[in-house]
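A.B. asks: The structure follows.
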Amino acid sequence: MADKISILDMATFCKKKGLVYPSGEIYGGLAGFWDFGPLGVEFKNNIKKEWWKFHVQSREDIVGIDGSIITNPNVWKASGHIDNFSDVYVRCKECKKDNKLDKNEIGKVKCECGGEYDVVGDLNLMFKTNVGPVEGNVSYLRPETAQLMFADFRLVAENARMKLPFGIAQIGKAFRNEISPRDFLFRSREFEQMEIEYFVHPDKIKKCPYIKDVLDYEINVLSAELQKKDKDAVKMTMKKALEKKIIKTEWHAYWLATEHKWFVDLGANPDNFRIRQHVAEELSHYALDTWDLDYKFPFGWKELQGMANRTDFDLQQHIKVSKTDLSLFDNDSNKKVVPHVVAEPSQGVERAMLVFLFDAYNYDKKRGNIVLKLHSKLAPVKIGIFPLATKLKDNGRKIYDLLKNDFMCQFDTAGSVGKRYARSDEIGIPFCVTFDFDSLKDKQVTIRSRDTTKQIRVKIKELKDILRKLLDGEKLEGFGKIITSKSS
Ligand SMILES: [Zn+2]
């Protein structure tokens with residue numbers, strides 16, 4: 000595998016190609032905030048669409064909601080965010096750079112310049128705002144999407160007639176007043192989450208009815224024990240990890256494998272991922288066993304998702320503070336139960352963007368240009384349409400009109416065809432269609448594949464169907480299957 004470019008080079012690439020800009024850059028930007036350009040918004044929407052299809056629309060056991068960003072502040076009282084969602088704010092005595100530390104890191108961790116830290120104080124990470132004209136009517140921009148899935152829990156369960164086990168999913172913006180946003184999109188102050196809270200009957204937290212689907216699935220597993228011995232992750236099936244009691248519950252194995260699979264099915268390289276068990280010191284008060292899904296970024300292994308068993312902590316908190324019964328009646332046991340959350344598969348949209356971009360980014364020496372091998376489902380633009388000569392512009396435009404309602408297309412007449420191919424490779428357009436002088440006579444056009452550069456000649460009346468098949472990953476005689484970054 001080729002070496003990854005740095006996160007800084009990725010930020011430069013994203014700006015140049017219209018994926019991501021520093022927010023309000025003409026005024027100097029604002030640290031931790033980003034704007035998504037014409038290609039970035041398409042890319043982001045595609046990621047969210049695929050996530051929603053995979054996690055919600057194709058499953059009977061998960062339904063979605065769209066909660067508001069600002070809500071009753073008691074939600075954050077109950078969740079503990081008002082009292083506990085803070086970082087220790089420190090400043091380096093030498094270079095004066097601000098940073099944040101966990102409470103147990105004070106006095107132990109030094110600045111990257113080697114300097115010692117001064118503690119400035121605690122900083123709550125929620126953005127505060129005032130609701131309505133009266134001062135003092137405080138609420139917050141939500142720091143996570145999770146809480147309204149708990150607060151709305153019983154309404155959703157009843158409306159959608161859900162039976163345990165089931166999940167509630169949500170995609171939306173969240174805001175954290177990070178002390179030191181860094182690494183481009185990786186740690187920003189405004190971001191978007193794709194999140195599921197998965198509820199299970201408290202007496203049935205051991206058994207996952209879907210476990211068969213993932214038993215043969217392989218992932219690099221880094222157990223707490225391997226970390227103690229300073230060893231690397233070992234590739235194993237979920238079956239083996241459960242048998243050896245490395246992963247303690249079927250639900251964790253199921254969700255870790257499922258989330259890994261979501262990335263890999265969309266073209267990410269499976270070897271750039273691992274699942275890592277939290278060591279004893281990392282476990283939070285409610286967590287029995289916690290795993291992270293990690294990805295190997297150019298700045299090191301970083302967490303993409305945390306998979307913790309939250310027990311019934313959140314629902315019980317909302318029951319207590321709101322004085323509302325959020326339990327469900329269970330027909331099997333004939334009693335009311337407060338479900339446990341065994342896993343909360345939660346993924347930042349921007350972090351997913353980075354993963355797919357890093358795995359797709361290739362510099363092709365032979366072509367002399369970057370080839371962004373994004374999966375066709377994620378590619379911001381699906382089809383490039385090039386009339387070979389200025390004279391053929393109107394004919395090319397007709398091809399564009401033929402396809403534009405079915406695929407996100409780009410019509411490009413500027414420069415040589417070679418230049419146009421290079422430009423389309425760089426933004427990851429999977430297929431380009433060229434209209435040439437022969438097309439006038441034989442009513443055929445040429446399709447060129449981004450990944451193989453191979454070309455086929457097809458009838459215009461069959462073009463739409465063929466493109467649809469190609470974008471679905473079907474293999475076509477003499478053309479080669481569409482190759483995604485996974486297989487490069
Ligand atoms: Zn320093």
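In terms of numbering that gives the first Met the number 0, the sequence shown has 24 at position 25, counting the first letter as 1, and numbering is strictly consecutive.
Every residue, glycine too, gets a C-beta built ideally from N, C-alpha and C.
Please read all numbers here as calculations on a predicted model, not as lab measurements.
Counting pairs of beta carbons, one from the region 226-237 and one from the region 329-339, are three or more of them closer than 8 Å?
C.D. replies: Contact fails: fewer than three Cβ-Cβ distances are below 8 Å.
A.B. asks: Taking 7 Å as the limit between beta carbons, can you name the residues of its chain near S5, skipping five residues before and five after?
C.D. replies: So the list reads P297, once near-sequence residues are dropped.
A.B. asks: F149 by DSSP, collapsed to three states: which one?
C.D. replies: It is helical.
A.B. asks: Grab the span of the alpha helix (DSSP H) containing H80 for me, first residue to last.
C.D. replies: First-last of the alpha helix (DSSP H) with H80: 80-83.
A.B. asks: Should K95 go down as buried or exposed, given a rule of 16 or more other Cβ atoms within 10 Å for buried?
C.D. replies: Exposed: under 16 other Cβ atoms inside 10 Å.
A.B. asks: Which of the three DSSP states, helix, strand or coil, is assigned to S487?
C.D. replies: With a pLDDT of only 35 at S487, under the threshold of 50, the placement of this residue in the model should not be trusted; the figure read from the coordinates follows. Here S487 sits in coil by DSSP.
A.B. asks: Would you check if there are 3 or more beta carbon pairs closer than 8 Å linking the region 448-468 to the region 355-373?
C.D. replies: Yes, since at least three Cβ pairs between the region 448-468 and the region 355-373 fall closer than 8 Å, the two stretches touch.
A.B. asks: Evaluate I69 with the Cβ neighbour count: other Cβ atoms within 10 Å of its Cβ, from every protein chain shown; 16 or more gives buried, anything less gives exposed.
C.D. replies: With fewer than 16 other Cβ atoms within 10 Å, it is exposed.
A.B. asks: Among the residues of its own chain, which have a CB less than 6 Å from the CB of R141, if the five just before and after it don't count?
C.D. replies: For R141, where only same-chain residues beyond five positions count, the Cβ hits under 6 Å are I68, A173.
A.B. asks: Judging by CA-CA distance, which residue of D400, G427, L387 is the nearest neighbour of G414?
C.D. replies: Checked all of D400, G427, L387; the closest Cα to G414 is L387.
A.B. asks: Give the C-beta separation of F478 and I455 to the nearest angstrom, bearing in mind that I take them to be a contact with Cβ-Cβ under 8 Å.
C.D. replies: Correct: roughly 5 Å between the Cβ atoms.
A.B. asks: Quick one: does the C-beta of K322 sit closer than 8 Å to a heavy atom of ligand 1?
C.D. replies: Every heavy atom of ligand 1 is 8 Å or more from the Cβ of K322, so no.
A.B. asks: What's the C-alpha gap between L221 and G23?
C.D. replies: Their backbone Cα atoms lie some 41 Å apart in a straight line.
A.B. asks: Residues with a Cβ closer than 6 Å to any heavy atom of ligand 1, in chain order?
C.D. replies: So the residues near ligand 1 by this Cβ test are C91, E93, C94, K96, C110, C112, G114.
A.B. asks: Check this for me: beta carbons of P72 and V137, under 9 Å apart or not?
C.D. replies: The answer is yes: Cβ separation under 9 Å.
A.B. asks: The alpha helix (DSSP H) with P37 in it runs from where to where?
C.D. replies: Start and end: 37-51.
A.B. asks: Are at least three pairs of beta-carbons, each pair with one atom in the region 42-60 and one in the region 79-93, less than 8 Å apart?
C.D. replies: Taking 8 Å as the limit for Cβ pairs, the verdict is that the region 79-93 does not touch the region 42-60.
A.B. asks: Give the range of the beta strand (DSSP E) segment to which I195 is assigned.
C.D. replies: Taken as a continuous stretch (DSSP letters only), the beta strand (DSSP E) holding I195 covers 189-199.
A.B. asks: Work out the CA separation of E157 and F357 for me, nearest whole Å.
C.D. replies: Cα-Cα distance, rounded: 42 Å.
A.B. asks: With respect to the alpha helix (DSSP H) encompassing R467, which residues constitute its N-terminal and C-terminal limits?
C.D. replies: 459-470 is the extent of the alpha helix (DSSP H) around R467.
A.B. asks: Can you name, in chain order, every residue of its own chain whose Cβ lies under 8 Å from the Cβ of D60, other than the five neighbours on each side?
C.D. replies: Hits under 8 Å: M161, P164, F165, G166.
A.B. asks: Which first and last residues belong to the alpha helix (DSSP H) in which S321 is found?
C.D. replies: It spans 312-321 - the alpha helix (DSSP H) in which S321 sits, taken as one unbroken run.
A.B. asks: Is it buried or exposed, D291, if we count other Cβ atoms within 10 angstroms and call 16 or more buried?
C.D. replies: It counts as buried.
A.B. asks: Taking DSSP as the reference, what is the three-state secondary structure of L401?
C.D. replies: Three-state DSSP puts L401 in a helix.
A.B. asks: Between which two residues does the alpha helix (DSSP H) carrying C13 extend?
C.D. replies: 6-15 is the span of the alpha helix (DSSP H), which, as asked, contains C13.
A.B. asks: By the three-class DSSP mapping on this structure, what secondary structure does N73 have?
C.D. replies: Here N73 sits in helix by DSSP.
A.B. asks: Using 8 Å as the Cβ pair cut-off and three pairs as the minimum, do the region 203-210 and the region 252-268 touch?
C.D. replies: In short, these stretches touch, since the Cβ pair count reaches three.
A.B. asks: Are N404 and L439 close, meaning C-beta to C-beta below 9 Å?
C.D. replies: No; because the gap between Cβ atoms is not below 9 Å, this pair is not in contact.
A.B. asks: Are A342 and I195 closer than 9 Å when you measure CB to CB?
C.D. replies: Result yes, Cβ atoms of A342 and I195 sit closer than 9 Å.
A.B. asks: Considering just the uninterrupted stretch of the beta strand (DSSP E) at V444, what are its terminal residues?
C.D. replies: Looking at the DSSP string, the run of the beta strand (DSSP E) that includes V444 is 443-448.
A.B. asks: In the DSSP assignment, find the alpha helix (DSSP H) that holds S423 and state where it starts and stops.
C.D. replies: Note, S423: alpha helix (DSSP H), 416-425.
A.B. asks: In angstroms with no decimal places, state the Cα-to-Cα distance between G427 and V108.
C.D. replies: When rounded, the distance between both Cα atoms is 42 Å.
A.B. asks: Taking its Cβ as the centre, do 16 or more other Cβ atoms sit within 10 Å of F152, making it buried, or is it exposed?
C.D. replies: F152 is buried by the Cβ-count criterion.
A.B. asks: Can you say whether N308 is buried or exposed, counting buried as having 16 or more other CB atoms within 10 angstroms of its CB?
C.D. replies: Buried is the call here.
A.B. asks: Is D499 buried or exposed, if buried means 16 or more other CB atoms sit within 10 Å of its CB?
C.D. replies: Residue 499 falls outside the range modelled here, since the chain spans only 0 to 487, and no answer is possible.
A.B. asks: Can you find the residues in the same chain that come closer than 7 Å, C-beta to C-beta, to I481, ignoring five residues on each side of it along the sequence?
C.D. replies: A caution first: I481 carries a pLDDT of 45, below 50, which makes its placement in the model too unreliable to give a value.
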